[in-house]
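Asks: This structure is in structure tokens; I'll ask about it shortly.
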Amino acid sequence: MNIPELTGVSDARGRRIVLVSHCLLNANSQVEGLATWPAIHPVVLALGASGVGIMQLPCPELLGCGMRRWGQTREQLDFPGFRALCDRLADDALASVVEFQRCGYEVLACIGIDGSPSCGVNHSASGAWGGEPGPAAWASAVSVVGSSPEPGLFMAALRARLDAVGVRLVPAPDASNPDAVAALVTDLTQR
Ligand code: SF4
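Following this line, the structure appears as structure tokens:
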């Protein structure tokens with residue numbers, strides 16, 4: 111039962127929420143050179159305009175690797191310390207989701223970033239990278255980066271928790287494609 115039904119007191123809130131990867135609300139957390147929107151992704155602006163609350167997830171790479179990190183692959187981040195960080199952050203997110211649901215709020219989805227080794231939903235950057243990035247070797251290593259059909263490590267930790275509470279993971283649309291942005295907003299808000 112939600113709180114207005116218990117108390118008879120309501121306010122303007124919409125009682126619908128989406129979880130979003132940190133950089134969808136703050137492109138500044140992305141690896142230098144990769145941002146394709148200036149600050150806030152258009153899908154977040156559109157969801158907010160439609161009355162959906164935005165719950166910003168923490169950026170695991172900002173916390174685990176800092177702002178001077180290189181772009182990395184899933185294999186580089188797949189080590190116990192980073193997985194433990196992702197598990198801890200996902201536990202915190204789950205606690206908020208469960209509390210919102212317990213009080214009658216609807217959590218529509220969790221929106222990630224395909225291609226990210228941390229936040230990819232359907233695929234994540236993959237490659238046998240590692241070691242000193244000397245110029246020649248670096249160029250060669252970058253040329254063999256691929257895409258894994260696995261989620262990024264943080265989204266994997268979230269999926270393991272959110273599936274059980276009925277919250278699906280979806281990738282953010284291309285920020286430069288208004289039709290794709292509108293389609294996702296419609297999909298999430300008109301179910
Ligand atoms: S780790 Fe996730 S939140 Fe952080 S910059 Fe990469 S995609 Fe965005």
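Here the sequence shown is numbered in our numbering, starting from 111 and rising by one per residue.
For every residue, glycine included, the Cβ atom is placed at its ideal position computed from N, Cα and C.
#1: What are the boundary residues of the alpha helix (DSSP H) that LEU129 is part of?
#2: CB-CB under 6 Å to GLY174, same chain, minus the five flanking residues each way: which ones, in chain order?
#3: So for PRO148, helix, strand or coil by DSSP?
#4: I need the residues with a C-beta less than 6 Å from some heavy atom of the ligand SF4; please give them in chain order.
#5: Please state whether the Cβ-Cβ distance between ALA235 and THR183 is less than 8 Å.
#6: Taking the beta strand (DSSP E) that CYS220 belongs to, which residues open and close that run?
#7: Going by other Cβ atoms of all chains shown within 10 Å of its Cβ, with 16 needed for buried, is CYS338 buried or exposed?
#8: Measure the C-alpha to C-alpha separation of PRO259 and ARG269 and round it to an integer number of angstroms.
#9: For a quick check, are the C-beta atoms of ARG271 and ALA159 less than 8 Å apart?
#10: What does the alpha-carbon distance come out to for the pair VAL280 and ILE127?
#11: MET265: buried (16+ other C-beta within 10 angstroms of its C-beta) or exposed?
#12: So the candidates are VAL154, ALA145, ASN136; which of them puts its Cα closest to the Cα of ALA219?
Replies: Let's see:
#1: Taking the first residue of the sequence shown as position 1, residue 129 is located at position 19. Looking at the DSSP string, LEU129 is not in any alpha helix (DSSP H); the run it does join, the beta strand (DSSP E), is 126 to 130.
#2: Translated into positions along the sequence shown, residue 174 becomes position 64. Result list for GLY174: PHE192, LEU195, in chain order.
#3: For the purposes of this step, residue 148 is taken as the residue at position 38 of the sequence shown. PRO148 falls in the coil class under three-state DSSP.
#4: With 6 Å as the limit, the residues whose C-beta approaches any heavy atom of the ligand SF4 more closely are SER131, HIS132, CYS133, SER139, GLN140, CYS169, PRO170, GLU171, LEU172, ILE223, SER226, SER228, CYS229, in sequence along the chain.
#5: Sequence index remark: in the sequence shown, residue 235 carries index 125 (1-based). Sequence index remark: in the sequence shown, residue 183 carries index 73 (1-based). For ALA235 and THR183, yes; Cβs fall inside 8 Å.
#6: Numbered from 1 along the sequence shown, position 110 holds the residue referred to as residue 220. Segment 216 to 222, the beta strand (DSSP E) holding CYS220.
#7: What the structure shows of the chain is the stretch from 111 to 301, and residue 338 is not part of that stretch, so it cannot be assessed.
#8: On the sequence shown, residue 259 is found 149 positions in, with the first residue counted as 1. On the sequence shown, residue 269 is found 159 positions in, with the first residue counted as 1. PRO259 and ARG269: Cα-Cα distance of roughly 15 Å.
#9: The residue labelled residue 271 in the question sits at position 161 within the sequence shown. The residue labelled residue 159 in the question sits at position 49 within the sequence shown. No, Cβ-Cβ distance for ARG271 and ALA159 is not below 8 Å.
#10: The count along the sequence shown starts at 1 and reaches residue 280 at position 170. The count along the sequence shown starts at 1 and reaches residue 127 at position 17. Approximately 14 Å between the Cα atoms of the pair.
#11: The count along the sequence shown starts at 1 and reaches residue 265 at position 155. With 16 or more other Cβ atoms within 10 Å, it is buried.
#12: As a first step, residue 219 is located in the sequence shown; it is residue number 109 there, counting from the start. Residue VAL154 is the option with its Cα nearest to ALA219.
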